[in-house]
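Notes to accompany the following structure.
Protein chains: 2
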Amino acid sequence: MLFNANYSNVNDSYLFSTIAKKVAAYRAAAPDAKVLRLGIGDVTLPLAPAVVDAIRAAAGEMAEKATFRGYGPEQGYDFLREAVRGYYSERGVSVSADEIFISDGAKSDLGNILDLFSQNNTVLVPDPVYPVYVDTNVMAGRRIIYADANEGNGFLPMPDYSVDADIIYICSPNNPTGAAYTVAQLQEWVDYADKKGAVILYDAAYECFIRDEKFARSIYLAKGAENCAIEFCSFSKMAGFTGTRCGWTVVPRAIERGGLSANKMWLRRQTTKFNGVPYIVQRAAAAVFTPEGRAQTEANLAYYRENAKLIAGTLEKLGIWFTGGGHSPYIWFKCPFGMGSWEFFDHLLGNAQVVGTPGAGFGANGEGFFRLSAFGDREDTAEAMERIERLLAK
Amino acid sequence: MLFNANYSNVNDSYLFSTIAKKVAAYRAAAPDAKVLRLGIGDVTLPLAPAVVDAIRAAAGEMAEKATFRGYGPEQGYDFLREAVRGYYSERGVSVSADEIFISDGAKSDLGNILDLFSQNNTVLVPDPVYPVYVDTNVMAGRRIIYADANEGNGFLPMPDYSVDADIIYICSPNNPTGAAYTVAQLQEWVDYADKKGAVILYDAAYECFIRDEKFARSIYLAKGAENCAIEFCSFSKMAGFTGTRCGWTVVPRAIERGGLSANKMWLRRQTTKFNGVPYIVQRAAAAVFTPEGRAQTEANLAYYRENAKLIAGTLEKLGIWFTGGGHSPYIWFKCPFGMGSWEFFDHLLGNAQVVGTPGAGFGANGEGFFRLSAFGDREDTAEAMERIERLLAK
Numbered sequence: 003m004l005f006n007a008n009y010s011n012v013n014d015s016y017l018f019s020t021i022a023k024k025v026a027a028y029r030a031a032a033p034d035a036k037v038l039r040l041g042i043g044d045v046t047l048p049l050a051p052a053v054v055d056a057i058r059a060a061a062g063e064m065a066e067k068a069t070f071r072g073y074g075p076e077q078g079y080d081f082l083r084e085a086v087r088g089y090y091s092e093r094g095v096s097v098s099a100d101e102i103f104i105s106d107g108a109k110s111d112l113g114n115i116l117d118l119f120s121q122n123n124t125v126l127v128p129d130p131v132y133p134v135y136v137d138t139n140v141m142a143g144r145r146i147i148y149a150d151a152n153e154g155n156g157f158l159p160m161p162d163y164s165v166d167a168d169i170i171y172i173c174s175p176n177n178p179t180g181a182a183y184t185v186a187q188l189q190e191w192v193d194y195a196d197k198k199g200a201v202i203l204y205d206a207a208y209e210c211f212i213r214d215e216k217f218a219r220s221i222y223l224a225k226g227a228e229n230c231a232i233e234f235c236s237f238s239k240m241a242g243f244t245g246t247r248c249g250w251t252v253v254p255r256a257i258e259r260g261g262l263s264a265n266k267m268w269l270r271r272q273t274t275k276f277n278g279v280p281y282i283v284q285r286a287a288a289a290v291f292t293p294e295g296r297a298q299t300e301a302n303l304a305y306y307r308e309n310a311k312l313i314a315g316t317l318e319k320l321g322i323w324f325t326g327g328g329h330s331p332y333i334w335f336k337c338p339f340g341m342g343s344w345e346f347f348d349h350l351l352g353n354a355q356v357v358g359t360p361g362a363g364f365g366a367n368g369e370g371f372f373r374l375s376a377f378g379d380r381e382d383t384a385e386a387m388e389r390i391e392r393l394l395a396k
Numbered sequence: 003m004l005f006n007a008n009y010s011n012v013n014d015s016y017l018f019s020t021i022a023k024k025v026a027a028y029r030a031a032a033p034d035a036k037v038l039r040l041g042i043g044d045v046t047l048p049l050a051p052a053v054v055d056a057i058r059a060a061a062g063e064m065a066e067k068a069t070f071r072g073y074g075p076e077q078g079y080d081f082l083r084e085a086v087r088g089y090y091s092e093r094g095v096s097v098s099a100d101e102i103f104i105s106d107g108a109k110s111d112l113g114n115i116l117d118l119f120s121q122n123n124t125v126l127v128p129d130p131v132y133p134v135y136v137d138t139n140v141m142a143g144r145r146i147i148y149a150d151a152n153e154g155n156g157f158l159p160m161p162d163y164s165v166d167a168d169i170i171y172i173c174s175p176n177n178p179t180g181a182a183y184t185v186a187q188l189q190e191w192v193d194y195a196d197k198k199g200a201v202i203l204y205d206a207a208y209e210c211f212i213r214d215e216k217f218a219r220s221i222y223l224a225k226g227a228e229n230c231a232i233e234f235c236s237f238s239k240m241a242g243f244t245g246t247r248c249g250w251t252v253v254p255r256a257i258e259r260g261g262l263s264a265n266k267m268w269l270r271r272q273t274t275k276f277n278g279v280p281y282i283v284q285r286a287a288a289a290v291f292t293p294e295g296r297a298q299t300e301a302n303l304a305y306y307r308e309n310a311k312l313i314a315g316t317l318e319k320l321g322i323w324f325t326g327g328g329h330s331p332y333i334w335f336k337c338p339f340g341m342g343s344w345e346f347f348d349h350l351l352g353n354a355q356v357v358g359t360p361g362a363g364f365g366a367n368g369e370g371f372f373r374l375s376a377f378g379d380r381e382d383t384a385e386a387m388e389r390i391e392r393l394l395a396k
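Chains D and C supply the protein sequences, listed in that same order. With my numbering applied, the first sequence covers 3 to 396. With my numbering applied, the second sequence covers 3 to 396.
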């Protein structure tokens, strides 16, 4: 038996383990210090009452023989696919229910979708980048090239027609930079993909943070995207499902090449290698789209948005260049005093007892930048901003 | 962009859709007939009360900020990994918690595990076979060879040293044949794998039906299996989780080749392409191992076993050759009168209004055989057996 030798080429990420070690060492040296964590990408508010009620009700159905649910459709129950279809329809995007596949989260599908593509494709990812896009392709042995995101383009790289790519990753609003593409900018990417015969894997996991229609909440707002783009979305950030696990993927029927259909291939992949999302979780997700669920999850998003506003306001006051915050839970800023990412991490931890995420952990272009997250407590976020202001206003 | 052309080689299965069409046609022609379904591989009894209570309690935790759970460890929470470790320990099998990976079901992991292996491996599967083993490898472009299971070997093929294989699938108790290997027989497969440097993918999804210690409830009861075997198991049949989705995979640390470790590769795969099983589902699964959960799920298994006994008893009385039933929810029998699988399907539906599964749907060696399932209602099963006895005793 031969192992997949590509695994030898996957780099181990020490980003979060290094952060944990540095924080532990600091705490050991200064046990009385109150360390504030603004580095996490996880939500902190509990599930909405409408969602919890739906879980309890579904548990009740599972307890009775007459209403018990066994194997469900691998692509998800109609009640949830229809609810997602309605969510798109509100924004003027027309997708049919059989183009929507319910999943256990965007991360799983972003990895598993690669099953559909030949190893002989060139993959274009932005730098800095969510590491999963890179690692999943290294595991499959694909060639990876990078699109430079930097201060010059506001961390929103645009297509370069001199570059040939087959599989293009776009995440907007972006993790880690918080930068969001406008519909007009995405149209340029769709036109480029169309010209190159490429497919776009569009990660919309943070779309719920967008409040200005100029920014794209779906790539299907760009003309022709249904011919080239697969969209991944999630209840994780929209409704606090990071530990409850539900998302969806839109695979348009129009994506066809050489007699093969992406939609049919994905259906075949999922029916063969997946057995659907738990019934109780699908009921929980459907509750997000009820009037009560919408109001309750919107209130949670408003809480995180207010945190983001606090962070962005502090950086503005300090005159520090940044992206994100307005339409994203992440704020990505240039380290002051020309510091490197890790140098600034140590500075912030040692002098303000605030933990963030060094941009260098997301790629070469992240060096000299730093990420803060709006998913923490309001009080902690406010206190962290006061400390940062005191530290950096000097 | 190039699609994965191997998808063109995946055969569509029309087994269950053909059955559905035939049943619908029969019902249209004979609307008053009471059709009894003994074809399904899904459970029908509801979740145990201890499991339902655990779901409700976990929902309560998710409703409060202090006890809310976001992202969990991709490989599963310690409380569940420890419970699974204890389950093995009861049978004298020693696996450590970091060799146990909690999954959303055996089907997902049986497909996804193939990420770890080179395309240049030869795969050995039994015929007849659970179609997922074949389809997942066709999708990856691997060479597949078959081990003949037939009446002569009791549908339990043994190793043939003249055959070279790299990846070996074993499912015991078997789907579709219900046949179960003894520990001594599995030892022969482990010795063969060791000699060939192969890996065994051991599907133990039906181990909970075994009541005689002569039969293997885990491949790790065979000496040296920890050097070559990965075991997949599931709460689906054990506790009715087909719609609740939880299972586990054991990847021993001892499986190493050329500097790569299967355990480390799988951890890397799962942390990159998976985000863990929902917290509420892991709590539900852990409840299966509590004293109440054990007693309640055992009562459900006893119900299915009694159905299996009814079916097996009827076939014995009729003098029909069969496998399974004693340590399996499936009974696999030789079609009477020398009939073909589909011929017998039509005969049984038309004359006894009983639906089963034609063996030919599981591979060439299934022709002339037929599968009945013990997962139905007691009353329906009993009535179906009376009808079959009347029909075939003529």
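Yeah, the Cβ is synthetic: ideal placement off N, Cα and C, and Gly gets one too.
Please report whether the beta-carbon of residue i lies at a distance below 7 Å from any beta-carbon of chain D.
i                     : result
residue 67 (chain C)  : yes
residue 281 (chain C) : yes
residue 120 (chain C) : yes
residue 249 (chain C) : no
residue 373 (chain C) : no
residue 21 (chain C)  : no
residue 123 (chain C) : yes
By the DSSP assignment, the alpha helix (DSSP H) with residue i in it spans what residues?
i                     : result
residue 55 (chain D)  : 51-64
residue 347 (chain C) : 343-354
residue 113 (chain C) : 108-114
residue 333 (chain D) : No alpha helix (DSSP H) contains residue 333 (chain D), which is instead part of the beta strand (DSSP E) from 332-336.
residue 241 (chain D) : 237-241
residue 119 (chain D) : Taken as a continuous stretch (DSSP letters only), residue 119 (chain D) belongs to no alpha helix (DSSP H), as it is neither H nor E.
Can you tell me whether DSSP reads residue i as helix, strand or coil?
i                     : result
residue 250 (chain C) : strand
residue 264 (chain C) : helix
residue 374 (chain D) : strand
residue 203 (chain C) : strand
residue 306 (chain C) : helix
residue 357 (chain C) : strand
residue 190 (chain C) : helix
residue 47 (chain C)  : coil
residue 134 (chain C) : helix
Among the residues of its own chain, which have a CB less than 7 Å from the CB of residue i, if the five just before and after it don't count?
i                     : result
residue 439 (chain D) : An answer regarding residue 439 (chain D) cannot be provided, because it is not within the stretch 3 to 396 covered by chain D.
residue 184 (chain C) : 216, 217 and 218
residue 89 (chain C)  : 291
residue 255 (chain D) : 101, 263 and 265
Please report whether the beta-carbon of residue i lies at a distance below 7 Å from any beta-carbon of chain C.
i                     : result
residue 402 (chain D) : Because chain D is modelled from 3 through 396, residue 402 (chain D) falls outside the range shown and cannot be assessed.
residue 109 (chain D) : yes
residue 37 (chain D)  : no
residue 17 (chain D)  : no
residue 126 (chain D) : no
residue 137 (chain D) : yes
residue 6 (chain D)   : yes
Between which residues of its own chain and residue i is the CB-CB distance below 8 Å, once the five residues before and five after are set aside?
i                     : result
residue 230 (chain D) : 192, 195, 196, 200, 201, 202 and 257
residue 353 (chain D) : 393
residue 59 (chain C)  : 285
By Cβ distance below 6 Å, which residues in the same chain neighbour residue i in space, the five residues on each side in sequence not counted?
i                     : result
residue 248 (chain C) : 237, 279, 283 and 287
residue 1 (chain D)   : Because residue 1 (chain D) is not part of the residues shown, which for chain D are 3 to 396, the question remains open.
residue 143 (chain D) : 8 and 121
Can you give me the start and stop residues for the beta strand (DSSP E) that residue i sits inside?
i                     : result
residue 149 (chain D) : 145-150
residue 326 (chain C) : 324-326
residue 105 (chain D) : 102-105
residue 125 (chain C) : 124-129
Could one say the Cβ of residue i lies closer than 7 Å to chain E's Cβ atoms, at least one of them?
i                     : result
residue 232 (chain D) : The chain inventory of the structure shown lacks chain E, comprising the protein chains D and C.
Quiz prompt | Contact between the segment 69-88 of chain C and the segment 272-287 of chain C (3+ Cβ pairs under 8 Å) | solution = Judged by Cβ distances under 8 Å, the segment 69-88 of chain C makes contact with the segment 272-287 of chain C, as three or more pairs qualify.
Quiz item: Can we say the segment 169-189 of chain D touches the segment 314-334 of chain D, given the rule of at least three CB pairs closer than 8 Å?
Solution: yes
Quiz item: Do the segment 356-365 of chain D and the segment 23-41 of chain D make contact, defined as three or more Cβ pairs closer than 8 Å?
Solution: Touching, yes.
Quiz item: Using 8 Å as the threshold, is the segment 79-88 of chain C in touch with the segment 99-111 of chain C, meaning 3 or more CB pairs across them?
Solution: yes
Quiz item: Counting pairs of beta carbons, one from the segment 342-354 of chain C and one from the segment 365-380 of chain C, are three or more of them closer than 8 Å?
Solution: yes
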